[in-house]
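If you use my numbering, the sequence shown corresponds to residues 1348 to 1590, in order.
Each residue gets a CB set at the ideal place from its N, CA and C atoms; glycine is no exception.
Report on one structure; see the data block that follows.
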Amino acid sequence: MPDSGRETSSRQRVYRYVKDGIVSNVFRPGTIIHERDLARELGVSRTPVREALQSLQDDGWLTVMPRKGIMVRPLSRAEIEEVLQLRVIIGSAGITLSAGRISAGAFAHLRSLIASQAAAAEARDYLKFIEADMQLHVAMVRLAGNRRLTCIAEDLLDNFRRIGLEAIRGECNLAEVIAQHKAIVAALEQEKAATAKKLLEDHIEHSRQALYKAGIPEGGDGAANSPPPGFSDSPLFDASETR
């Protein structure tokens, strides 16, 4: 029997709720997802919850742990390296394509995003800090005028956000990040594309080192299937009320 419109809507709502929680690090790697508690929390039946969780598994956000249940899947070192490499590749391509043809208004917009990030850093609002960070990097790619390149950057935003928050957890120096952004924009404004690309590479390397401090997984793909220390039995909700 086909899904009703309500069931489809509920499934989408559950999917977005859990995925947003993963991306924002509210649901940390290794967190165990309890289907019953999630259904109760969102006020939906267990059918759309089960279907949403299956979709999240298919998309690589969750994994099944034997005798434990469904778990937020940690990213492996290889996966993190792939995302960081893509940030350099996409960002460098954007710089190359936009060099020498960025308007004064566009530079003002970039500086406003850096100012928003600085305000978030002052308030210690890490979610807003990362959001401004991602908006800035996508804005710089968008200046290239290549719609497909921009779409690729936007499609990768969720993983960028998740990794960015892990970097902050690794005691990433927020003031240094802002200074790096200012330097990249200044190089673009001076039409020094090669300098801007080198600064971008250094910026991503800074993120990589912060991730190492945060304790990213060791090894290859196998690390993605095991919860990191301290997260093996973390519940999404307090399941004691339902037992």
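Just verifying my parser: in three-state terms, what is the DSSP assignment at residue i?
{"i": "V1524", "result": "helix"}
{"i": "I1477", "result": "helix"}
{"i": "L1409", "result": "strand"}
{"i": "E1548", "result": "helix"}
{"i": "S1356", "result": "helix"}
{"i": "R1363", "result": "helix"}
Can you tell which of the options has its C-alpha closest to the C-alpha of residue i?
{"i": "A1522", "options": "E1398, A1462, A1491 and A1446", "result": "A1462"}
{"i": "R1363", "options": "L1389, P1376 and T1497", "result": "L1389"}
{"i": "Q1482", "options": "R1495, S1459 and H1550", "result": "S1459"}
{"i": "V1378", "options": "H1456, K1560, G1447 and G1416", "result": "The identity of residue 1378 in the sequence shown is Thr, whereas the question assumes Val. Out of H1456, K1560, G1447 and G1416, G1416 has the C-alpha closest to the C-alpha of T1378."}
{"i": "V1419", "options": "N1372, S1392, V1391 and R1434", "result": "N1372"}
{"i": "V1396", "options": "R1358, A1451, Y1559 and A1455", "result": "R1358"}
{"i": "D1472", "options": "H1550, I1515, K1560 and A1561", "result": "I1515"}
{"i": "V1524", "options": "E1552, L1504 and L1503", "result": "E1552"}
{"i": "V1488", "options": "L1409, F1454 and R1424", "result": "F1454"}
{"i": "L1433", "options": "H1484, V1391 and W1408", "result": "H1484"}
{"i": "A1534", "options": "S1439, L1503 and L1558", "result": "S1439"}
{"i": "A1468", "options": "C1519, I1449 and A1451", "result": "C1519"}
{"i": "S1356", "options": "V1370, I1369 and T1394", "result": "T1394"}
Does residue i pass the burial test, meaning 16 or more other C-beta atoms within 10 Å, or should it be called exposed?
{"i": "V1532", "result": "buried"}
{"i": "I1380", "result": "buried"}
{"i": "I1436", "result": "exposed"}
{"i": "V1361", "result": "buried"}
{"i": "P1413", "result": "exposed"}
{"i": "E1513", "result": "buried"}
{"i": "S1445", "result": "buried"}
{"i": "I1464", "result": "This sequence places Gln at residue 1464; Ile is not what is there. Per the 10 Å Cβ criterion, buried."}
{"i": "R1494", "result": "exposed"}
{"i": "G1492", "result": "exposed"}
{"i": "S1450", "result": "exposed"}
{"i": "A1557", "result": "buried"}
{"i": "G1407", "result": "exposed"}
{"i": "G1592", "result": "Nothing about residue 1592 can be reported from this structure: the residues present for the chain run from 1348 to 1590 only."}
{"i": "V1411", "result": "exposed"}
{"i": "S1392", "result": "exposed"}
Is the Cβ of residue i closer than 8 Å to any Cβ of chain C?
{"i": "E1538", "result": "The structure shown contains no chain C, having only a single protein chain."}
Kindly confirm or deny that the segment 1508-1523 and the segment 1474-1492 touch, where touching means at least three C-beta pairs closer than 8 Å. yes
So, do the segment 1425-1440 and the segment 1376-1396 have three or more beta carbon pairs nearer to each other than 8 Å? no
Quick check: the segment 1537-1549 against the segment 1491-1499, are at least 3 beta-carbon pairs closer than 8 Å? no
Quick one: which unbroken beta strand (DSSP E) runs of 3-plus residues sit fully inside the segment 1391-1459? Chain order, please. 1409-1412 and 1416-1419
Would the segment 1362-1377 count as touching the segment 1393-1404 if we require 3 or more Cβ pairs under 8 Å? yes
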